[in-house]
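Written below as structure tokens is the structure these notes are about.
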Amino acid sequence: MKKIIFSGCLALLSTFCAMAQQQPVYEVYALKYASLNRLTPIADWVQGGPANDNINIAFVFWLIKGNNGKNILVDAGCSADLPNAVDFGLTAAMRPDSVLLQAGVKAEAVTDIIISHPHWDHINGINLFPNAQIWIQKEDYNYYAGQAWQKDANRGGFVKRDILTLVDLNVSGKVTLVNGDNKEIIPGITVYTGSKHTYESQYVLVQSGKDRILIASDNVWVYDNLKRMLPPPSYGTYDAKAYVAAMQRMKTLASETDFILPGHDDQLFSKFRHITERVVQIK
78 MKKIIFSGCL ALLSTFCAMA QQQPVYEVYA LKYASLNRLT PIADWVQGGP
128 ANDNINIAFV FWLIKGNNGK NILVDAGCSA DLPNAVDFGL TAAMRPDSVL
178 LQAGVKAEAV TDIIISHPHW DHINGINLFP NAQIWIQKED YNYYAGQAWQ
228 KDANRGGFVK RDILTLVDLN VSGKVTLVNG DNKEIIPGIT VYTGSKHTYE
278 SQYVLVQSGK DRILIASDNV WVYDNLKRML PPPSYGTYDA KAYVAAMQRM
328 KTLASETDFI LPGHDDQLFS KFRHITERVV QIK
């Protein structure tokens, strides 16, 4: 009987070891491809936030680097010559693929791009990464490529040429439409919805060893949204209550609050370990 129990324990231990070996290990990096050419009041990003306190704004995308051959981007940045970027006031801009090289990854090596939402500063750069499979929420894609362009629809932040690029990639089989909330789309990578920053924006949870790192993108614009549990002004979400509820949920998903990464707060690049001036590793 003892031999049987011992053998059973060995088999169970072997199964657990095999499962652990199969679980990919990821490193997560934040990459800054541009800054804003001016300080802006926190109240521009946080509804009811202080109007007299200013904040430095960064334009960011993320790299998830796996030991499974995956080089996954969350968002893809934009080109500095995009008219929207010029009008908005982007400065110190560098092409996203050049910033990625500072993290040791070539554009051709990017396997996947998870689009948090289809605003120009997050999606315009997808054509820089020719081998990537694009992941976007089905409802966001449908709205972005369809209803947004009907009369009197809300299409703030959308750019026609980006839509045409995304539709062409979809026709070529390079787009995967994610259908809903709490979907593990790649082993160890799960996406969630709910903030209504766009029609159905998504955020990304990465299981990185014992850490659970949450890439919020614009589902948390700046740290003050999370600190004060306040939504952005009305132009930042279709549903302010849903935006706050999503942030509350994020706190239950990430292994610590410091691992909830906002979309545009330059403080990211002072909180974590520098690889270069534009690249930090989340750890």
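What the sequence shown shows, in the working numbering, is residues 78 to 360, in sequence order.
For each residue, glycine too, the CB sits at the ideal point set by N, CA and C.
Cβ-Cβ separation, residue j to residue i (assumed contact under 8 Å), whole Å
i      : j      : result
Ser156 : Asn201 : 6 Å
Lys183 : Arg355 : That belief does not hold up - the Cβ atoms of Lys183 and Arg355 are roughly 16 Å apart, past 8 Å.
Pro309 : Trp139 : Going by Cβ atoms, the distance from Pro309 to Trp139 rounds to 20 Å, so no, they are not a contact pair.
Asp301 : Asn133 : Going by Cβ atoms, the distance from Asp301 to Asn133 rounds to 12 Å, so no, they are not a contact pair.
Closest by C-alpha distance to residue i, when choosing among the options
i      : options                           : result
His194 : Phe336, Arg115 and Thr270         : Thr270
Ala322 : Asp342, Ala120, Arg355 and Asn296 : Asn296
Asp152 : Ile191, Asn208 and Leu167         : Ile191
Gly257 : Ile240, Val236 and Tyr280         : Tyr280
Ile240 : Pro264, Gln214, Tyr218 and Asp229 : Tyr218
Met171 : Asp198, Ile119 and Gln99          : Asp198
Collapsed DSSP secondary structure at residue i in the structure displayed
i      : result
Asp288 : strand
His196 : coil
Ala225 : helix
Val187 : coil
Pro207 : coil
Lys142 : strand
Lys304 : helix
Val176 : helix
Ile359 : coil
Lys328 : helix
Tyr280 : strand
Tyr315 : coil
Thr275 : coil
Val102 : coil
Val321 : helix
Bounding residues of the alpha helix (DSSP H) (the contiguous stretch that carries residue i)
i      : result
Pro160 : Pro160 to Phe165
Ser347 : Leu345 to Lys348
Asn247 : Lys237 to Val248
Endpoints, beta strand (DSSP E) assigned at residue i
i      : result
Ile211 : Gln210 to Gln214
Own chain residues within Cβ distance below 7 Å of residue i, not counting five before or after
i      : result
Asn144 : Pro101 and Val102
Cutoff 6 Å; reference residue i; Cβ partners in own chain excluding five residues on either side
i      : result
Asn114 : Gly166 and Thr168
Tyr315 : Lys273
Lys147 : Thr188
Tyr221 : Pro195
Cβ-based neighbour list, residue i, same chain, cut-off 8 Å, excluding 5 preceding and 5 following
i      : result
Lys348 : Asp335 and Val357
Ile262 : Ile191, Trp212, Thr253, Val255 and Val268
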